[in-house]
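Mapped onto the UniProt record's numbering, the consecutive letters of the sequence shown carry residue numbers 1 to 86. To start, the structure itself, in C-alpha cells.
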Amino acid sequence: MKASTLEEAVALTKKFTSRPSNEELLKLYGLYKQATEGDNETERPGGFDFKAAAKYNAWLNFKGLSKEEAANQYLELVNKLAENHL
Numbered sequence: 001m002k003a004s005t006l007e008e009a010v011a012l013t014k015k016f017t018s019r020p021s022n023e024e025l026l027k028l029y030g031l032y033k034q035a036t037e038g039d040n041e042t043e044r045p046g047g048f049d050f051k052a053a054a055k056y057n058a059w060l061n062f063k064g065l066s067k068e069e070a071a072n073q074y075l076e077l078v079n080k081l082a083e084n085h086l
C-alpha cells in the first residue's frame, strides 16, 4: 500500500505494526510540520524539556524547504518506512 497524498501518508503511519526509530520519527515530525505550517517561527523550548527540544530541532532542520517539497519528502519517507513497518 502506497500513499499518494499527505493525508494518506499520515493515515498509513497509524497502521504501522512496528515503531520506526526515534531518528525516523523525528524526521517524519519535522517534514510534516514543514509541509503543513512552513518554517518554524516558534520560540525554542527551554529548560529540561528534551523531547520538545528534539522536535523543535527536527522541524528547524527543514527551514527554507517549501511546503510542497516537504510534503513530497514526507510521502517518500512514509512509503519507504511502510516497507518495513507494516
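Note that the Cβ used here is the ideal one computed from N, Cα and C, for glycine as well. Given the structure is predicted, the values throughout are model-derived calculations rather than measurements.
Distance between His85 and Pro20 (C-alpha atoms, nearest Å): 7 Å
State buried or exposed for Gly64, treating a residue as buried only when at least 16 other CB atoms are found within 10 Å of its CB. exposed
Going by beta carbon distance, what residues of the same chain come within less than 7 Å of Gln73, once the five residues before and after it are set aside? Leu31
Distance between Glu23 and Lys51 (C-alpha atoms, nearest Å): 12 Å
Inside the UniProt domain "ACB" (1–86) only - alpha helix (DSSP H) runs reaching at least 4 residues: With a minimum length of 4 residues, the continuous alpha helix (DSSP H) runs that stay inside the UniProt domain "ACB" (1–86) are 6–13, 22–37, 50–60, 67–85.
Of the residues Thr42, Ala35, Lys2, Ala82, the one placed nearest Asn57, counting alpha carbons only: Thr42
Candidates Phe16, Ala54, Leu60, Gly46, of which the one nearest Glu37 by Cα: Leu60
Let me check understanding here. Comparing Cα to Cα, which of Glu76, Arg44, Lys33 lies closest to Lys67? Lys33
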